[in-house]
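K.L.:
Dropping a structure here in structure tokens format, bear with me for questions.
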Amino acid sequence: MVHPRRTPWSTLSEFTHVHDLVFAHSATPTSQLDALETINVWLARGNCPHAVESTAALLTLVLRDSNSPHHAPHSTHDLRLAYAMAIVRFVNSLVDPLQTTYFARSIASLAQQIQLPLWFVELRHQATHENLPSLGVLRDAARQALDWLYTHYWSAALSSSSTTSTTPVLPPLDLSPLRTLLLTTYKSLSKSTLRDASLVGRTRGEMRACLGEVERWVGENSLGGVGAGRERAWEGVAEVLWSEGGLVPLAKKKRPTPRSPSLSPDLLALWTPLITHLDSLPSASSSSTTFSDVLIKRGLDILCTLEGGETADKSYVACVSAWAGELVKDAPVSLEPEGEEEEGEGGEGGVSLKGVIKSCLLARTPAALGLIDSLFASRSQSPSAAEDAALKDLIDRTTPLLALARQVSQSASGSFGFVQGSRVETAEEATRLIDSLVSRSADLASHFSPNPPVPAPAPPSSAAQGEGRTEEWPRRVQGWRKKPIGALPAGGFAGLDLAPLRCCSLSNVVQLATRAAWTGREGWEKGDGW
1 MVHPRRTPWS
11 TLSEFTHVHD
21 LVFAHSATPT
31 SQLDALETIN
41 VWLARGNCPH
51 AVESTAALLT
61 LVLRDSNSPH
71 HAPHSTHDLR
81 LAYAMAIVRF
91 VNSLVDPLQT
101 TYFARSIASL
111 AQQIQLPLWF
121 VELRHQATHE
131 NLPSLGVLRD
141 AARQALDWLY
151 THYWSAALSS
161 SSTTSTTPVL
171 PPLDLSPLRT
181 LLLTTYKSLS
191 KSTLRDASLV
201 GRTRGEMRAC
211 LGEVERWVGE
221 NSLGGVGAGR
231 ERAWEGVAEV
241 LWSEGGLVPL
251 AKKKRPTPRS
261 PSLSPDLLAL
271 WTPLITHLDS
281 LPSASSSSTT
291 FSDVLIKRGL
301 DILCTLEGGE
311 TADKSYVACV
321 SAWAGELVKD
331 APVSLEPEGE
341 EEEGEGGEGG
351 VSLKGVIKSC
361 LLARTPAALG
371 LIDSLFASRS
381 QSPSAAEDAA
391 LKDLIDRTTP
401 LLALARQVSQ
411 SASGSFGFVQ
421 GSRVETAEEA
431 TRLIDSLVSR
441 SADLASHFSP
451 NPPVPAPAPP
461 SSAAQGEGRT
471 EEWPRRVQGW
481 RKKPIGALPA
491 GGFAGLDLAP
501 LRCCSLSNVV
511 QLATRAAWTG
521 REGWEKGDGW
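With full-length UniProt numbering, the residue at position 361 of the sequence shown is 361, and numbering never jumps.
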């Protein structure tokens with residue numbers, strides 16, 4: 001029985017008419033206003049797709065910004081706020097329906113799944129957490145968002161006559177049968193053979209049947225074998241394995257500890273055969289992505305989304321980090337060509353050590369930065385002859401960036417040796433605090449300076465300049481270099497758009513010093529260090 005679909009438009013011709021009023025070559029501002037009136041009726045009826053709502057919001061702003069006589073002029077700041085809100089709601093409405101797993105996935109990975117350009121995600125983050133983007137950037141983003149909606153929703157809906165879905169969202173996965181297969185059947189069979197090797201022959205048939213059921217589940221949820229569907233099915237398997245009771249044991253005494261950070265041999269012997277078997281399954285797409293790649297990326301998502309202030313189970317994080325290090329230990333240092341790793345985790349192909357480290361540096365969470373240390377420690381012990389030079393070069397380039405990432409993470413969390421939220425009551429305290437932060441920034445800058453500063457010669461003594469002069473203006477001799485007026489010792493200029501420093505909170509002082517230290521380091525933010 002086919003269930004009826006409820007839509008805010010009465011017929012497909014009504015939907016097509018609105019599409020033509022907005023996107024046809026003969027569309028005019030007047031016709032687009034007529035389309036907006038119809039869409040407002042749809043919104044009042046309810047159950048309107050988010051893509052239609054985003055189209056109306058963006059189109060309204062474009063028409064309002066085009067000095068149309070139908071709208072009164074607005075200030076630049078009002079337009080920036082309106083554009084920013086429309087872009088934020090546009091991105092959120094697309095990625096929120098895809099958050100169907102137990103652990104929240106990164107917005108970037110969800111956007112990549114629906115082919116949404118990642119710079120929309122970056123613009124959303126900037127509009128939400130940083131300064132508002134410029135009006136020119138927002139105008140261009142609104143027009144490109146309308147183009148994306150036209151291609152991926154309106155045209156796709158008309159061509160398939162399926163006008164009820166907002167985006168090409170894959171159906172949610174039913175993980176309950178998979179949990180039973182992996183966490184109950186496979187786990188019990190594997191444990192029994194590990195305890196008693198004589199049971200291997202007796203349980204071989206049951207194990208083969210269990211793995212066959214897992215393969216059948218993956219095939220049924222691969223949507224005909226297309227690459228995105230197969231990877232989504234693998235993500236479901238990875239989601240189950242990363243839950244407690246899977247790769248992470250329920251008993252905390254079986255998990256890695258600071259004294260013993262490596263995985264136990266029993267835990268490796270329990271799950272490694274399953275991972276190897278899933279890696280051997282034929283790929284249904286031209287991509288070289290394996291199940292291990294999907295499992296690693298899901299583990300990185302967990303480590304990269306755990307902030308330092310969150311009350312996460314440390315033993316769980318340690319176990320995830322240990323498994324991630326174990327899975328990446330045989331990965332190549334970098335992929336060929338180099339451009340394949342620009343997305344951080346390996347993109348469409350496999351996973352490389354360089355891509356994993358880049359993702360961890362961008363996340364700047366304590367768990368992610370700790371994974372970098374463990375990866376370098378394990379790979380440095382037994383590097384292959386072919387990758388020895390590449391690994392050494394990667395470590396040399398990553399070490400200062402790792403120190404910088406920890407510095408920024410400490411600055412954001414307020415862990416510079418004082419209590420977050422405390423106040424600076426006097427100008428002397430503020431001066432000492434800023435000097436301390438600038439000194440830390442100078443230490444980091446010395447890692448990137450090709451020519452370290454040469455100490456200037458000592459100034460002549462007062463006796464040599466005349467007996468009548470008893471005092472001199474004190475100078476900072478060591479490490480002094482010529483700088484323009486207003487420049488900081490570590491490079492860059494102070495942010496003059498901040499409020500004057502009177503009796504301010506400590507977080508504002510950290511913001512001032514951090515901005516001053518980063519102003520001259522645009523290359524790091526753009527990724528030129530890579």
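Heads up, the beta-carbon is just placed ideally off N, CA and C, and yes, glycines get one too.
Quantities reported herein were computed from a predicted structural model and do not represent experimental measurements.
Buried or exposed: H129, going by 16 or more other Cβ atoms within 10 Å of its Cβ?
P.N.:
Label assigned to H129: exposed.
K.L.:
Using the Cα positions of Y83 and G236, report the straight-line distance between them to the nearest angstrom.
P.N.:
Roughly 36 Å between the two C-alpha positions.
K.L.:
Please determine, among D373, E428, L404, the residue with the shortest C-alpha to C-alpha distance to A442.
P.N.:
The shortest C-alpha separation from A442 is found at L404.
K.L.:
State yes or no: is the C-beta of H50 within less than 8 Å of the C-beta of S93?
P.N.:
The answer is yes: Cβ separation under 8 Å.
K.L.:
Buried or exposed, going by whether 16 or more other CB atoms sit within 10 Å of the CB of P8?
P.N.:
Result: buried.
K.L.:
Given a cut-off of 8 Å on the beta-carbon distance, is the pair L391 and R379 in contact?
P.N.:
Cβ atoms of L391 and R379: closer than 8 Å.
K.L.:
Can you name the start and end residues of the alpha helix (DSSP H) that C360 belongs to?
P.N.:
353-363 is the extent of the alpha helix (DSSP H) around C360.
K.L.:
Near V356, what residues of its chain come up, given a Cβ to Cβ distance below 6 Å and the 5 sequence neighbours on each side ignored?
P.N.:
Cβ within range, chain order: V328.
K.L.:
Look up V248 in the DSSP assignment and give the residues it is bridged to.
P.N.:
Answer is E244.
K.L.:
According to DSSP, is Q115 part of a helix, a strand, or is it coil?
P.N.:
If DSSP states are grouped into helix, strand and coil, Q115 belongs with coil.
K.L.:
Take S409 and list the residues in its own chain whose beta-carbon comes closer than 6 Å to its own, dropping the five residues that flank it on each side.
P.N.:
Counting only Cβ-Cβ distances below 6 Å, and skipping sequence neighbours, we find R364.
K.L.:
If you drop the 5 nearest sequence neighbours on each side, which residues of the same chain put their C-beta closer than 7 Å to that of L135?
P.N.:
These residues qualify, in order along the chain: T76, L79, R80.
K.L.:
If you count every other CB in all the chains shown that lies within 10 Å of the CB of R298, and 16 or more means buried, which is it?
P.N.:
Answer is buried; the Cβ neighbour count reaches 16.
K.L.:
Say yes only if the C-beta of I372 is nearer than 7 Å to one or more non-hydrogen atoms of the ligand ATP, and no if none qualify.
P.N.:
In terms of ligand content, the structure shown is empty, and the ligand ATP therefore cannot be addressed.
K.L.:
Within the continuous alpha helix (DSSP H) that includes H19, where are the two ends?
P.N.:
Where H19 is concerned, the enclosing alpha helix (DSSP H) stretches over 12-23.
K.L.:
Tell me which same chain residues have a C-beta within less than 6 Å of the C-beta of T166, skipping the five on either side of it?
P.N.:
Because the pLDDT at T166 is just 43, under 50, the model does not fix this residue reliably, and the point stays unresolved.
K.L.:
Between which two residues does the alpha helix (DSSP H) carrying W148 extend?
P.N.:
Its alpha helix (DSSP H) spans residues 135-149.
K.L.:
Rounded to the nearest angstrom, what separates W234 and Q99 at their Cα positions?
P.N.:
Approximately 16 Å between the Cα atoms of the pair.
K.L.:
Kindly indicate which three-state DSSP category T185 falls into: helix, strand or coil?
P.N.:
Residue state, collapsed to three classes: helix.
K.L.:
Which class does V95 belong to by DSSP, given the choice of helix, strand or coil?
P.N.:
Three-state DSSP puts V95 in a helix.
K.L.:
On the three-pair Cβ rule with 8 Å, is the segment 52-64 touching the segment 138-153?
P.N.:
Enough Cβ pairs lie closer than 8 Å, so yes.
K.L.:
I'd like to know whether the C-beta atoms of V240 and L178 end up nearer to each other than 8 Å.
P.N.:
Against a cut-off of 8 Å, the Cβ pair of L178 and V240 comes out as a contact.
K.L.:
Could you check whether M207 and L182 sit closer than 8 Å to each other, using their CB atoms as the reference points?
P.N.:
Not a contact, by the Cβ cut-off of 8 Å.
K.L.:
How many Å lie between P172 and S222 at the Cα?
P.N.:
Cα-Cα distance, rounded: 12 Å.
K.L.:
What is the residue span of the alpha helix (DSSP H) that K297 lies within?
P.N.:
Per DSSP, K297 belongs to the alpha helix (DSSP H) from 291-304.
K.L.:
Given a cut-off of 8 Å on the beta-carbon distance, is the pair L375 and L401 in contact?
P.N.:
No, Cβ-Cβ distance for L375 and L401 is not below 8 Å.
K.L.:
With a CB to CB cut of under 7 Å and the five nearest residues on each side skipped, what residues in its chain are close to S292?
P.N.:
Closer than 7 Å at the Cβ level, and outside the excluded window around S292, lie I275, D279, L327.
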